[in-house]
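Using the working numbering, the first residue of the sequence shown is number 1, and each one after it goes up by one.
C-beta atoms are modelled at their ideal positions from N, C-alpha and C, and glycine is treated no differently.
Report on the structure given below.
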Amino acid sequence: MSVQVVSAAAAAAAKVPEVELKDLSPSEAEPQLGLSAAAVGAMVPPAGGGDPEAPAPAAERPPAPGPGSGPAAAAALSPAAGKVPQASAMKRSDPHHQHQRHRDGGEALVSPDGTVTEAPRTVKKIQFADQKQEFNKRPTKIGRRSLSRSISQSSTDSYSSAASYTDSSDDETSPRDKQQKNSKGSSDFCVKNIKQAEFGRREIEIAEQEMPALMALRKRAQGEKPLAGAKIVGCTHITAQTAVLMETLGALGAQCRWAACNIYSTLNEVAAALAESGFPVFAWKGESEDDFWWCIDRCVNVEGWQPNMILDDGGDLTHWIYKKYPNMFKKIKGIVEESVTGVHRLYQLSKAGKLCVPAMNVNDSVTKQKFDNLYCCRESILDGLKRTTDMMFGGKQVVVCGYGEVGKGCCAALKAMGSIVYVTEIDPICALQACMDGFRLVKLNEVIRQVDIVITCTGNKNVVTREHLDRMKNSCIVCNMGHSNTEIDVASLRTPELTWERVRSQVDHVIWPDGKRIVLLAEGRLLNLSCSTVPTFVLSITATTQALALIELYNAPEGRYKQDVYLLPKKMDEYVASLHLPTFDAHLTELTDEQAKYLGLNKNGPFKPNYYRY
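Quick look at the structure:
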């Protein structure tokens with residue numbers, strides 16, 4: 001790489017227009033830079049920039065100069081370009097100053113009468129050897145990145161669930177068709193590329209710093225091994241935060257096999273790191289529907305290993321075992337479920353008398369609902385929308401379908417950014433909360449023609465139908481913050497008269513015959529985990545709750561929990577919260593004996609009855 005300091009002759013070749021200005025009064029001329037138009041143009045680098053013999057990669061090459069570009073435009077935008085004084089206006093009081101050093105490094109000649117002119121200069125080349133060496137390391141193809149990169153190089157790249165780490169020339173090959181082994185020789189896994197494990201390990205280490213409670217639980221209970229003998233089959237989002245949970249379960253004595261609950265949320269590098277550590281993981285970003293069920297089956301149907309605990313997110317794993325391997329429930333001690341959708345399915349099974357093991361409803365525990373559902377979505381909704389659409393939120397009209405904890409978080413974030421937010425609700429209590437929080441309660445049909453963004457977070461199906469989609473304005477953004485992809489009727493858009501156009505990862509334009517288009521994000525699946533990331537600290541609260549629920553169900557004496565759905569005991573909710581307080585240097589007030597007696601409470605809790613609504 002080289003940098004050119006261009007002479008005045010080169011600037012003239014770039015056809016900088018001459019500006020003829022009248023003499024300026026001393027008061028007007030004082031703030032000016034004292035350069036001619038040609039000199040101003042000389043300080044502006046050419047449009048190509050850099051070494052002419054080393055063209056930039058395609059992704060970094062600037063666009064061809066158009067109207068209003070190039071040195072002339074840059075000179076016109078310069079603060080001094082509006083009033084560039086001529087040489088006659090640049091008299092110096094001391095005629096003996098024959099040479100002046102130009103502010104850009106060139107020589108200025110001063111004639112006896114005080115007129116400043118620019119001396120001819122040669123083109124100088126400055127070579128930055130270290131930068132040239134650094135650029136020589138850059139890949140020639142975007143997206144095909146070598147693993148043998150220095151840490152300094154990797155730190156300049158942005159990797160996330162929205163743009164997962166990719167490598168090698170066979171990215172298009174299905175992981176199911178690959179023969180891979182980790183460093184221990186095991187092949188009991190199926191991930192995108194096992195060679196990404198080193199990078200995934202760094203992701204996990206970063207997540208550990210923001211998951212204090214889970215790390216504290218790992219440290220406190222590691223000696224006791226409360227999950228010794230537990231064989232846990234899991235189906236959750238596979239991210240760095242989930243990896244910390246899995247490794248904690250392993251440290252507590254459990255054996256784990258894992259699949260992904262969402263075809264777009266898996267971080268390939270994290271899945272590779274888990275596989276390298278010996279966890280049988282079957283997941284990769286961009287699975288097909290067939291791959292999704294195949295991965296779940298590979299976790300469950302394995303010779304010589306049968307699960308005795310289930311950790312589910314969405315109910316798909318539980319559904320698959322009920323459908324394909326119902327006899328497995330004879331040895332399963334319990335199910336832990338963390339999503340609205342999965343909990344709803346469990347209650348349906350219980351009502352029908354088909355739930356044959358105890359189940360723990362983590363979703364409705366206080367530490368999950370009031371923190372993960374609310375605070376996580378309050379931060380991640382903006383991240384997901386910004387990464388996929390680069391849009392500005394101020395002044396945009398948004399309708400949020402559902403005002404539960406997820407809806408509350410979304411509405412609060414968008415309102416804070418200056419958006420005009422409408423809410424739809426079926427529950428009069430949640431509806432009244434929305435009104436009291438300053439949001440207008442509407443039916444979707446009333447605003448569908450005017451809104452810029454439609455967000456679903458109800459846990460229901462067909463909240464946004466084809467009729468709604470047909471009536472949306474051009475470029476309306478449609479996305480889902482609920483767990484399941486049933487809220488938006490995406491299937492109705494796969495018809496011959498509509499054209500699908502992939503714009504970027506997880507972003508599709510669906511184009512109508514008249515040219516109208518909507519922007520569909522993640523094909524109607526969970527936006528934040530499909531298109532961005534979520535706050536690690538909040539997931540630490542959820543993951544700790546899940547771990548304690550597994551410990552409770554696994555170690556509970558026979559008969560404590562029957563074949564029904566249970567909430568996590570209040571005492572455990574409070575324990576999870578207390579593990580996170582030291583992060584904020586928070587100090588709890590303790591009840592005196594007299595105060596505890598007056599309230600009828602134990603000094604150590606629980607401090608609220610089960611029916612209390614936080």
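Just checking my contact of L227 with I551 at CB under 8 Å: how many whole Å lie between their CB atoms?
6 Å
Taking the C-alpha atoms as reference points, what is the distance between T248 and S265?
Distance between the alpha carbons of T248 and S265 is about 21 Å.
Let me make sure I understand the geometry here. Which of C256, L274, D573 has the alpha-carbon closest to that of R201?
Of all alpha-carbon atoms in C256, L274, D573, the one lying nearest the alpha-carbon of R201 is that of L274.
How would you call V503, buried or exposed, if buried means at least 16 neighbouring beta carbons within 10 angstroms?
Within 10 angstroms of the beta-carbon of V503 lie fewer than 16 other beta-carbons, which makes it exposed.
List, from N- to C-terminal side, the beta strand (DSSP E) runs of 3 residues or more that fit wholly inside the stretch 456-542.
Runs of the beta strand (DSSP E) lying entirely within the stretch 456-542 and spanning at least 3 residues, in chain order: 476-480, 499-504, 507-511, 517-521.
Below 8 Å, how does it come out for the stretch 230-247 and the stretch 207-214: are there three or more Cβ pairs, yes or no?
yes
Taking 8 Å as the cut-off, does the stretch 388-407 touch the stretch 351-363 (at least 3 CB pairs, one atom from each stretch)?
A contact is defined here as three or more CB-CB pairs under 8 Å, and the stretch 351-363 fails this definition with respect to the stretch 388-407.
Report the option in C401, M436, S484, T545 whose CA atom is closest to the CA atom of A522.
Taking only the C-alpha atoms, the option nearest A522 is S484.
Confirm, please, whether the CB-CB distance from K231 to Q196 is below 8 Å.
no
Determine, using beta carbons only, whether L252 and A213 come nearer to each other than 8 Å.
no
Near A577, which residues of its chain fall below 7 Å by C-beta distance, leaving aside the five closest residues on each side in sequence?
T367
Beta-carbon separation of S530 and N262 under 8 Å?
Cβ distance < 8 Å, so S530 and N262 count as in contact.
What runs of the beta strand (DSSP E), each 3 residues or longer, lie entirely inside the stretch 398-439?
420-424
So E616 and G315 are supposed to be a Cβ contact under 8 Å. How far apart are they, rounded?
This structure leaves residue 616 out entirely; the chain is present only between 1 and 614.
What number of angstroms, rounded off, separates the C-alpha of D470 from the C-alpha of L498?
Those two C-alpha atoms are separated by around 11 Å.
Can you tell me whether M211 is helix, strand or coil according to DSSP?
coil
So what does R257 bridge to, in DSSP terms?
V233
Distance check for S277 and S161, CA to CA, integer angstroms please.
Caution is warranted here: a pLDDT of 35 is assigned to S161, below 50, making its placement in the model unreliable, and the coordinate value is therefore given only provisionally. For S161 and S277, the distance between alpha carbons rounds to 21 Å.
Helix, strand or coil, according to DSSP, for F282 in the structure here?
strand
Roughly how far, in whole angstroms, is the beta-carbon of C430 from the beta-carbon of M481, given that I think they are within contact range, below 8 Å?
With a Cβ gap of about 15 Å, C430 and M481 do not count as contacting.
Pick from C457, I420, T389: whose alpha carbon is nearest that of Y403?
C457
Check for me: the beta strand (DSSP E) holding D312 runs from which residue to which?
DSSP places D312 in the uninterrupted beta strand (DSSP E) bounded by 309-312.
Among the candidates K324, S339, Y566, A272, whose CA atom is the shortest distance from the CA of N460?
Cα-wise, what sits closest to N460 is S339.
Quick check: G384 and N528, are their CB atoms within less than 8 Å of each other?
yes
Out of curiosity, what's the CA-to-CA distance linking K285 and L601?
49 Å
Taking the continuous beta strand (DSSP E) assigned at A359, which residues delimit it?
Its beta strand (DSSP E) spans residues 359-361.
Tell me whether Y264 sits in a helix, a strand or coil according to DSSP, three-state version.
Coil.
Taking C-alpha atoms, which residue in I448, N182, F329 lies nearest to H468?
I448
Please determine, among V534, S505, T583, F199, the residue with the shortest C-alpha to C-alpha distance to D372.
V534
For the putative contact between I321 and V300, defined by C-beta atoms under 8 Å, what is the C-beta separation to the nearest angstrom?
Taking C-beta atoms under 8 Å as the contact rule, I321 and V300 qualify, at a distance of about 6 Å.
A416 to R440, Cα distance in whole Å?
15 Å
Rounded to whole angstroms, what is the Cα-Cα separation between M392 and V421?
14 Å
Taking its Cβ as the centre, do 16 or more other Cβ atoms sit within 10 Å of A586, making it buried, or is it exposed?
exposed
Here's the rule: buried if 16 or more other CB atoms are within 10 angstroms of the residue's CB, otherwise exposed. What is T280?
Contrary to the premise, residue 280 reads as Pro rather than Thr in this sequence. Its Cβ being crowded by 16 or more others within 10 Å, P280 is buried.
Express the C-alpha separation of D427 and N462 in angstroms, rounding to a whole number.
Cα to Cα, the separation comes out at about 17 Å.
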